[in-house]
Every structure is written in C-alpha cells, then in structure tokens.
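Visitor: If you're matching them up, the sequences are chains A and B in order. First residue of the first sequence? That's 3 in the numbering used here, and the numbers climb one at a time after it. First residue of the second sequence? That's 3 in the numbering used here, and the numbers climb one at a time after it. Don't be surprised by glycine CBs; every beta carbon is placed ideally from N, CA and C. A quick note: this is a predicted structure, and the numbers were derived from the prediction, not measured.
Protein chains: 2
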Amino acid sequence: MTGIPQEQNDLAYDVFAKACPSRGTLEHVTGRWGGLTLGALHQGSLRFNELRRRVDGVSEKMLSQTLHALERDGLVHREAQPTNPPRVDYELTPLGRRVTERLLALIQCVEGSMDDVLASRAAYDAGQRS
Amino acid sequence: MTGIPQEQNDLAYDVFAKACPSRGTLEHVTGRWGGLTLGALHQGSLRFNELRRRVDGVSEKMLSQTLHALERDGLVHREAQPTNPPRVDYELTPLGRRVTERLLALIQCVEGSMDDVLASRAAYDAGQRS
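#1: Which residues, in order along the segment 97 to 120 of chain B, keep a beta-carbon less than 9 Å from a beta-carbon of chain D?
#2: Can you list the residues of chain B that A/Gly59 reaches, using a CB-CB cut of under 8 Å?
#3: Taking C-beta pairs closer than 7 Å, name the residues in chain B that A/Tyr92 reaches, listed in chain order.
#4: Using a Cβ cut-off of 8 Å (strictly closer), state whether A/Thr27 contacts chain B.
#5: Does the pairing of the segment 33 to 46 of chain B with the segment 76 to 89 of chain A give three or more beta-carbon distances under 8 Å?
#6: Does DSSP classify B/Val60 as helix, strand or coil?
#7: Identify the continuous beta strand (DSSP E) that holds A/His79 and give its terminal residues.
#8: Should A/Ser47 be flagged as near chain B, meaning a C-beta pair shorter than 8 Å?
#9: Whose CA, out of A/Val112, A/Ala121, A/Gly129 and A/Leu106, lies closest to the CA of B/Gly26?
#10: Which of the three DSSP states is assigned to B/Asp117 in this structure?
So, in structure tokens, the structure goes:
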C-alpha cells in the first residue's frame, strides 16, 4: 500500500521489541475478545447484538471497546445506517480480512490439536501429583 | 494422532463456545507472552535466560508461568540437563512447532501491515478530534 517493498516493511516492525507498535496491534488481534470478534466477522457483516451473541461470554462494554480498537487499527469498518432506530453494522476491511485469514488458520490448528493438548495436560498433572 | 478424522476433530472443539477448553489453549498461544515465547523458540532450543532476553520486557515470574502453561499444553518441552550448575533448555514439541508456524504467519502479516495500521490510527484520531 505504501510502496515500500514487503521485505523492507517486515524489517521495520518487530513484535519482539517492547516499544514496537506492532505488539499492540498483535494484542488487539489475538486478545481474548479481539480474535473471536474478527473470527465472527469473517463470515460477513454483523450488527452489534448479533456479534455479541456469536462471541459467547463477552460483555457489552468489552465488545464495544474491542470494536473501537479494531476500527482504529483499520481492521474493522463501522457503518451506521441512517434508519430509525439507527442500525450499526460491522464488517472486516480488506486488511482485516487478510489478518483474520491467518488468525483462523491458527484457531483451526489449535482446535484440531485439542485431543493432544488435553492428553498432555492429563499426563503433566499426573506427573505433578506423583 | 487420535485416529479421529480431522474434519470430525474440528467439530469437537469450538473457541467461540465459552466452556470449550480450546479457548484456554488459544489464550496460552496468543497471550502477550505466550506468543512471543513460542516465536522465540521457533529458531531452536533456548535456556531460560536466553529466552528472557529475546522476549523483551517479560519478567522472570511471567516467563516462568508462561512456560509452565505451554509445557502443560504439550507445546513446549523442558529438558533439565544433569550438569552442575543445573541447566534447563526449552524447545518446541512437534505440536508446538505446527501451532507456532501458524502463529508466525499471523505475526508476519501484522508486522507487514503496520504502515496501514498506523495510517488508519492517525485518520481515526483526527476524526475523533474534529
């Protein structure tokens, strides 16, 4: 988008560095509610209450804060419809879609690994007790 | 690993459901320190203090807690060498490696998008002020 080659771009930001702004964005994307919000919007635009039902367990306040952070980072687009009562739709931007595709690949990998994870936890806990 | 077909396996766990154990594992993987720890170990095994230097900003206590959670989930292997003084190495398990590869693809996507993210933040903040 900026005309900077991808390779040079990658070198400019480093999540391992404490002060790099990419660390904050990674946290918005992978935070408890940010990740689930992006994942839910991957299927298409949703209204606030639809989103809240889909992201099981999120409070109204936390969902609102999460959406603001994602909108500010340019990952989610907020569209207020001029209806009465007003209706607000949320959807992924093209950038949000690219990031969310990577996130969903990670989520699917974790979900698909849970039998092994639970077996490992049981073995670990048994070892701690003995 | 369990003989359950991948497709059926995916249906068994759902991070969108509040009570699903996959949500906890996703948080270990994507939490502030969990993600950076996995990313650092992707380059090879590291000792505790090497890891602490690489994950800029983490405290000794937080790194220790993070490693325990990742070890319990079967993503990281802890190997105590019988030397004097004792030496402890940490490395990714095969499962940890699979998960970390997805995580790094996400991190690289975020790092490569930061010019756009910062431009979006500036536009958002300017809009809030006007």
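Guide: Judging by the given coordinates:
#1: Absent from the structure is chain D; the protein chains it does hold are A and B.
#2: Lys20
#3: The premise fails here: A/Tyr92 is roughly 15 Å from chain B at the closest Cβ pair, so nothing lies under 7 Å.
#4: yes
#5: no
#6: coil
#7: Val78 to Gln83
#8: With 8 Å as the cut-off, A/Ser47 does not count as an interface residue toward chain B.
#9: A/Val112
#10: helix
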